[in-house]
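My numbering puts the first residue of the sequence shown at 40, with every later residue one more than the last. All C-beta atoms, glycine included, are put in the ideal place defined by N, C-alpha and C. As the structure is a computational prediction, the values presented were derived from the model and not from experiment. Let me begin by presenting the structure, written as structure tokens, before commenting on it.
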Amino acid sequence: MLVPIAVLAGVAAAGATAYVAASTAVARHVVTPIRRRKQDVRILSVADDLSTIRLGGTGDALRVPGRYGLWFSQDQGYARLGDILAMDDTGAVTRILEEVVWGDIEAATTGRLSGWYYTSPDELGLAVRSVDVSTDGGAAPAWLFPAAERTDRWAIHVHGRGARRQETLRAMPVFHEKGYTSLAVSYRNDEDAPDSPDRRYGLGGTEWRDVDAALDYALRNGARHIVLFGWSMGGAAVLQTAVRSPHADSVRGMVLDSPVIDWVETLDFQAGEMRLPRPVTQGALVLLDSGWAKGLVGQDAPIGLNTLDFTVRAGELAVPILLMHSDDDGYVPAGGSRLLAEQRPDIVTFERFARGKHTKLWNIDPERWNAAIGDWLDQLELSLTDDA
């Protein structure tokens with residue numbers, strides 16, 4: 040039986056419409072700030088003395104050694120977990136329950152793992168005060184950790200997509216030990232700082248302006264030599280700052296933990312993990328980069344994905360970089376990091392982790408992570424002294 044051409048055309052049009060709708064949904068997801076986090080851990084049981092906890096589910100790092108945070112009861116409670124004690128045939132793990140910080144964990148049934156571990160700067164035992172950084176959108180709160188002695192060495196710490204300043208707290212002790220004043224900043228659309236007019240992420244292409252404002256704050260308060268530390272998308276923002284900021288000559292080095300070096304690689308990888316059809320992924324990339332797609336995606340301007348690719352822009356980088364990434368990241372593939380390290384061995388020190396998951400390198404091996412940063416800062420100090 041012959042199928043009428045009009046019917047075939049209708050089917051094709053319906054298929055095309057479905058792909059456009061799917062591409063739009065993906066593009067909007069990429070740039071829409073995260074407000075609700077997936078509860079992908081099942082809390083199976085808790086020891087009567089609260090010393091251990093048995094967990095199941097699919098949570099990132101659930102079956103990876105190390106110390107983590109556990110948000111539970113729709114983020115109404117928080118606990119700190121230690122290493123794995125046992126794992127059974129079902130995939131359930133028993134971990135040390137180090138501390139229930141708040142909430143009733145015995146009544147909880149679901150949760151999610153976090154690399155944060157610390158949730159408040161007061162938990163570090165370091166002097167700290169809250170300050171405001173003036174950005175083009177208003178006052179962005181930050182935590183200032185002064186060095187033990189007056190110094191012109193500062194570090195500015197920039198968290199990743201969907202995270203907050205707490206993500207960066209793991210780095211404060213090693214920088215304090217090395218004599219740095221640290222500023223843990225917030226930026227547009229992260230639940231702490233003011234929203235941007237379009238309330239959309241720029242994937243580093245707009246957030247760098249708030250990092251630049253933090254540079255200005257540091258310079259006005261005695262900084263001369265500044266290290267930028269970026270986590271995940273914060274790494275993309277830091278890289279943009281290093282090549283676009285009018286204060287870039289004060290940046291003496293960068294530390295990048297699980298950074299997004301190439302957004303196209305990252306989005307392709309994430310789409311593959313979700314088994315999205317290739318045309319959907321390609322369509323989403325086109326929408327993110329198109330001015331005419333503003334009404335569909337909601338962003339004020341195209342992302343400019345090519346400008347965020349530092350495997351292409353590697354030659355523009357000019358300061359020492361400590362780059363840390365794990366082979367099993369699972370969210371931001373390490374390919375871009377490896378390529379950047381190969382392209383710029385003159386400035387990039389690549390600390391490759393075989394296992395660690397996304398932004399959880401400290402959690403699995405804090406001694407190695409701290410040593411890598413400490414040794415790199417020592418080398419940077421020698422170069423700064425030689426230049427003086």
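Is it true that the CB of R102 sits closer than 7 Å to the CB of V70? As a working note, residue 70 is residue 31 in the sequence shown. As a working note, residue 102 is residue 63 in the sequence shown. It is not a contact, given that the beta carbons lie outside the stated cut-off.
Where does G354 land, buried or exposed, given buried means 16+ other C-beta within 10 angstroms? Stepping through the sequence shown from its first residue, residue 354 is reached at position 315. It is exposed - the Cβ of G354 has fewer than 16 other Cβ atoms within 10 Å.
For the region 265–282 against the region 189–204, are there 3 or more C-beta pairs whose distance is under 8 Å? Under the 8 Å Cβ criterion, the region 265–282 counts as touching the region 189–204, having at least three qualifying pairs.
Which of the three DSSP states, helix, strand or coil, is assigned to T245? On the sequence shown, residue 245 is found 206 positions in, with the first residue counted as 1. Three-state result, T245: coil.
So, are the CB atoms of D229 and R151 less than 7 Å apart? Numbered from 1 along the sequence shown, position 190 holds the residue referred to as residue 229. Numbered from 1 along the sequence shown, position 112 holds the residue referred to as residue 151. Not closer than 7 Å, so no.
I need the DSSP call for Y157, collapsed to helix, strand or coil. If you number the sequence shown from 1, residue 157 lands on position 118. Shown here, Y157 sits in coil according to DSSP, grouped into three states, outside any helix or strand.
Is P372 buried or exposed, if buried means 16 or more other CB atoms sit within 10 Å of its CB? As a first step, residue 372 is located in the sequence shown; it is residue number 333 there, counting from the start. That one is buried.
Span separating the alpha-carbon of T56 from that of A323: Residue mapping note: residue 56 aligns to position 17 of the sequence shown, counting from 1. Residue mapping note: residue 323 aligns to position 284 of the sequence shown, counting from 1. Rounded to whole angstroms, T56 to A323 spans 14 Å at the Cα level.
Suppose contacts are defined by Cβ-Cβ distances below 7 Å. Is G343 in contact with G244 by that definition? Looking up residue 343 in the sequence shown gives position 304. Looking up residue 244 in the sequence shown gives position 205. For G343 and G244, yes; Cβs fall inside 7 Å.
Name the residue from S84, L306, W182 whose alpha carbon lies nearest to the alpha carbon of R203. Translated into the one-based positions of the sequence shown, residue 203 becomes position 164. Per the Cα distances, W182.
Segments assigned beta strand (DSSP E), at least 3 residues, entirely inside the region 59–117: Qualifying beta strand (DSSP E) stretches, in chain order: 80–85, 91–96, 107–111.
Within the same chain, show all residues whose beta-carbon is closer than 8 Å to that of D307, passing over the 5 residues directly before and after it, in chain order. Indexing the sequence shown from 1 puts residue 307 at position 268. Sequence-distant Cβ neighbours of D307 in its own chain, meaning closer than 8 Å and more than five residues away, are T320.
Could you tell me the distance, in whole angstroms, from the CA atom of Y240 to the CA atom of V303? The residue you call residue 240 lines up with position 201 of the sequence shown. The residue you call residue 303 lines up with position 264 of the sequence shown. Just so you know, the alpha carbons of Y240 and V303 end up roughly 15 Å apart.
With 16 other Cβ atoms within 10 Å as the buried cut-off, status of A281: In the sequence shown, residue 281 corresponds to position 242, counting from 1. With 16 or more other Cβ atoms within 10 Å, it is buried.
Length of the line joining the Cα atoms of H32 and Q205: This structure leaves residue 32 out entirely; the chain is present only between 40 and 427.
Tell me, please, whether the CB atom of A323 is closer than 7 Å to any CB atom in chain B? Absence of chain B from the displayed structure is noted, only one protein chain being present.
With distance defined between alpha-carbon atoms, name the residue in I123, S329, R259 nearest to V172. Within the sequence shown, the letter at position 133 stands for residue 172. Its Cα nearest to that of V172, the residue R259 stands out among I123, S329, R259.
Determine the direct distance from the alpha carbon of P359 to that of G369, and round the result to whole angstroms. Translated into the one-based positions of the sequence shown, residue 369 becomes position 330. Translated into the one-based positions of the sequence shown, residue 359 becomes position 320. Each residue's Cα considered, the two are about 27 Å apart.
By the three-class DSSP mapping on this structure, what secondary structure does P384 have? The sequence position of residue 384 within the sequence shown is 345, counting from 1. DSSP places P384 in the coil class of the three-state scheme, outside both helix and strand.
Would you kindly check if the distance between the Cβ of A276 and the Cβ of V250 is under 7 Å? In the sequence shown, counting from the first residue as 1, residue 250 sits at position 211. In the sequence shown, counting from the first residue as 1, residue 276 sits at position 237. By the CB criterion at 7 Å, V250 and A276 fall inside the cutoff.
Taking buried to mean at least 16 other C-beta atoms within 10 Å of its own C-beta, is M126 buried or exposed? Counting from 1 along the sequence shown, the entry for residue 126 is found at position 87. Answer is exposed; the Cβ neighbour count stays below 16.
Buried or exposed for W141, please, with buried defined as at least 16 other CB atoms from any protein chain shown within 10 angstroms of its CB. Numbered from its first residue, the sequence shown carries residue 141 at position 102. W141 should be labelled exposed.
Would A186 pass as a contact of G218 if the rule is Cβ separation under 7 Å? By one-based count along the sequence shown, residue 186 stands at place 147. By one-based count along the sequence shown, residue 218 stands at place 179. Their beta carbons are under 7 Å apart, which means A186 touches G218 by this criterion.
Taking the CB atoms as reference points, tell me whether S297 and T207 lie closer together than 7 Å. Sequence index remark: in the sequence shown, residue 297 carries index 258 (1-based). Sequence index remark: in the sequence shown, residue 207 carries index 168 (1-based). In this structure, T207 does not lie closer than 7 Å to S297 by Cβ.
Flag this pair as yes or no: are the beta carbons of A253 and L222 separated by less than 7 Å? Reading the sequence shown from its first residue, position 214 is the one you call residue 253. Reading the sequence shown from its first residue, position 183 is the one you call residue 222. Yes. Within cutoff.
For R291, the first and last residue of its enclosing beta strand (DSSP E): Along the sequence shown, one-based indexing puts residue 291 at 252. Element bounds for R291: 290–296.
Relative to the C-alpha of H215, which candidate in S235, E246, T190 has its C-alpha closest? Walking along the sequence shown from the start, residue 215 turns up at place 176. By alpha-carbon distance to H215, the top candidate from S235, E246, T190 is T190.
Residue of I144, T129, D128 minimising C-alpha distance to T435: Within the shown structure, residues of the chain are numbered from 40 to 427, placing residue 435 beyond reach of any answer.
Checking the sheet assignment: what are the DSSP bridge partners for I123? Within the sequence shown, residue 123 is the residue found at index 84, counting from 1. Listed as beta-bridge partners of I123 by DSSP are R134.
Closest to Y58 by CA distance: which of S235, R317, R76 is it? As a working note, residue 58 is residue 19 in the sequence shown. The alpha carbon of Y58 has as its nearest neighbour, out of S235, R317, R76, the alpha carbon of R317.
Distance CB(S376)-CB(G395) smaller than 7 Å: As a working note, residue 376 is residue 337 in the sequence shown. As a working note, residue 395 is residue 356 in the sequence shown. No.
Name the residue from G108, Q113, S112 whose alpha carbon lies nearest to the alpha carbon of R119. Here residue 119 corresponds to residue number 80 of the sequence shown, with the count starting at 1. Residue G108 is the option with its Cα nearest to R119.
Candidates A166, F184, A340: closest to L242 by CA position: For the purposes of this step, residue 242 is taken as the residue at position 203 of the sequence shown. When the alpha-carbon of L242 is set against those of A166, F184, A340, the nearest one is in A340.
For a quick check, are the C-beta atoms of A411 and E390 less than 7 Å apart? Working through the sequence shown from its first residue, we reach residue 411 at position 372. Working through the sequence shown from its first residue, we reach residue 390 at position 351. Contact flag set, yes.
My output table needs one value for N315: the three-state DSSP class, helix, strand or coil. As a position in the sequence shown, residue 315 is number 276, starting the count at 1. Looking at the sequence provided, one finds Leu at residue 315 rather than Asn. Assigned with DSSP and collapsed to three states, L315 falls in coil, not helix or strand.
CB of I195 to nearest heavy atom of the ligand MN: below 6 Å? No copy of the ligand MN appears in this structure; indeed no ligand is present at all.
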